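Under our numbering, think of the first position of the sequence shown as 5, with each following residue one higher. Virtual Cβ for every residue (Gly too), placed ideally from N, Cα, C. All of these numbers come straight from a predicted model, not from anything done at the bench. To start, the structure under review is shown below, and the notes come after it.
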Amino acid sequence: MQKIVLILCVMATWLVAETLKPWSAKLNTLTPLERHVIIDKGTERAFSGKYVYTKEDGTYTCKVCGAPLYRSDDKFDSHCGWPSFDDAIPGAIKEVPDADGRRTEIVCANCGAHLGHVFKGEGFTDKNVRHCVNSVSLNFDKKSVGTSALKKAYFAGGCFWGVEYYLEKIDGVKEVTSGFMGGHMKDPGYYDVVRKDTGHLETVEVVYDSSRVSYETLAKTFFEIHDPTQVDGQGPDIGSQYLSAVFVSNTEERKTIERLIGILEKKGLKIATKVLPKSPFYSAEAYHQDYYERKGSTPYCHRRIKRF
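Structural data, given as structure tokens:
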């Protein structure tokens with residue numbers, strides 16, 4: 005009888021401990037896909053996760069218990085289709101060899117939630133480690149930046165895929181969105197711009213942290229990643245939507261652009277870039293965003309040439 009009582013006490017203690025875990029209730033709120041990955045140790049489809057291309061500063065935390073797992077500084081693009089990190093927050097990750105001995109699973113050290121697998125010796129970074137993590141196993145706490153430091157800039161330099169590709173690699177740039185600006189039609193789509201002569205230029209909206217990167221740096225990069233002397237388009241992309249232009253938001257931006265154009269003209273370049281006032285910006289369709297990142301390729305009509 006005493007033995008039965010002891011067993012019941014142990015079971016009761018275990019059940020109470022499980023209930024007191026702050027993440028226990030969270031398990032019941034997981035979606036079928038989250039349960040498949042986090043509990044059943046499945047894998048989300050490649051390139052489908054929301055954090056594959058995330059570049060913002062912040063911390064990636066466990067979807068179940070909220071424990072900090074990875075810092076954005078350790079994230080890199082491995083083109084594998086899942087978020088990749090070459091390091092983890094100390095003590096946050098536990099490595100568990102798969103039963104077949106072929107791979108090493110990684111789980112949250114705090115709650116045991118399945119994250120993905122770790123691979124070593126691939127040579128992607130100097131640390132020679134790749135934590136391949138499912139997006140659905142993570143949440144992302146974006147590092148807050150004072151709204152006064154965040155600003156927007158608008159550049160049109162031919163096909164927006166290539167302009168976006170180069171500008172989003174600048175340190176201090178938070179986000180680059182491909183879209184349209186300068187036309188007379190409200191909320192145009194890509195085929196409206198191509199077929200209906202809406203007057204829009206393919207333009208990118210750059211959100212940047214002005215405490216880390218200057219507008220002049222963005223503008224110099226813009227003038228170096230496309231041909232500002234071409235009058236009919238950009239490279240093989242010919243047409244009015246591919247013209248070179250900068251849409252300025254204030255007098256200071258206009259002065260900066262005009263000064264840079266003056267420097268280039270003194271070097272013998274006949275600049276075709278137009279300096280236009282900012283007008284409504286419309287985002288392009290989702291399939292136009294991060295085009296080269298998703299394709300794993302590089303621009304065909306943009307390349308950087310040192311001009312300053």
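Around the CB of Lys54, fewer than 16 other CB atoms lie within 10 Å, so the residue is classed as exposed. Shown here, Ala50 sits in coil according to DSSP, grouped into three states, outside any helix or strand. Under the DSSP assignment, His40 falls in the alpha helix (DSSP H) whose first and last residues are 36 to 42.
In the assembly as shown, Asn32 is an exposed residue. Its beta-carbon has fewer than 16 other beta-carbons within 10 Å.
Contiguous beta strand (DSSP E) elements confined to the segment 144 to 195 occur at 154 to 161, 177 to 185, taking only those with 3 or more residues.
Sequence-distant Cβ neighbours of Phe226 in its own chain, meaning closer than 8 Å and more than five residues away, are Phe159, Gly161, Val167, Leu171, Val250.
Collapsing the DSSP output to three states places Tyr291 in a helix. At the C-beta level, Lys155 and Glu228 stay beyond 8 Å of one another.
Separation of Phe312 and Lys270 (C-alpha to C-alpha, rounded to the nearest whole angstrom) is 11 Å. About 24 Å separates the beta carbons of Phe128 and Asp104, which is beyond the 8 Å limit, so they are not a contact pair.
Beta-bridge pairing by DSSP links Thr65 to Pro72, Asn143.
Taking Asp61 as the centre and dropping the five residues before and after it, the same chain places the C-beta of Ser76, Lys147 closer than 6 Å to its C-beta, in chain order. Looking at the backbone, the Cα of Arg298 and that of Phe51 are separated by about 8 Å. No alpha helix (DSSP H) of 4 residues or more sits fully in the segment 107 to 143. By the neighbour-count criterion, in which a residue is buried when 16 or more other Cβ atoms sit within 10 angstroms of its Cβ, Lys67 is buried.
Pro281 is classed as exposed because its beta carbon has fewer than 16 other beta carbons within 10 Å across all chains shown. Annotation for Lys271: no beta strand (DSSP E) segment contains it, and DSSP assigns it neither H nor E. Within the segment 189 to 252, the complete beta strand (DSSP E) segments of 3 residues or longer fall at 205 to 213, 248 to 252, listed in chain order. Taking a cut-off of 8 Å for Cβ pairs, the segment 206 to 218 and the segment 136 to 143 do not touch, as fewer than three such pairs fall below it.
Taking the CA atoms as reference points, Ala288 sits about 11 Å from Asp196.
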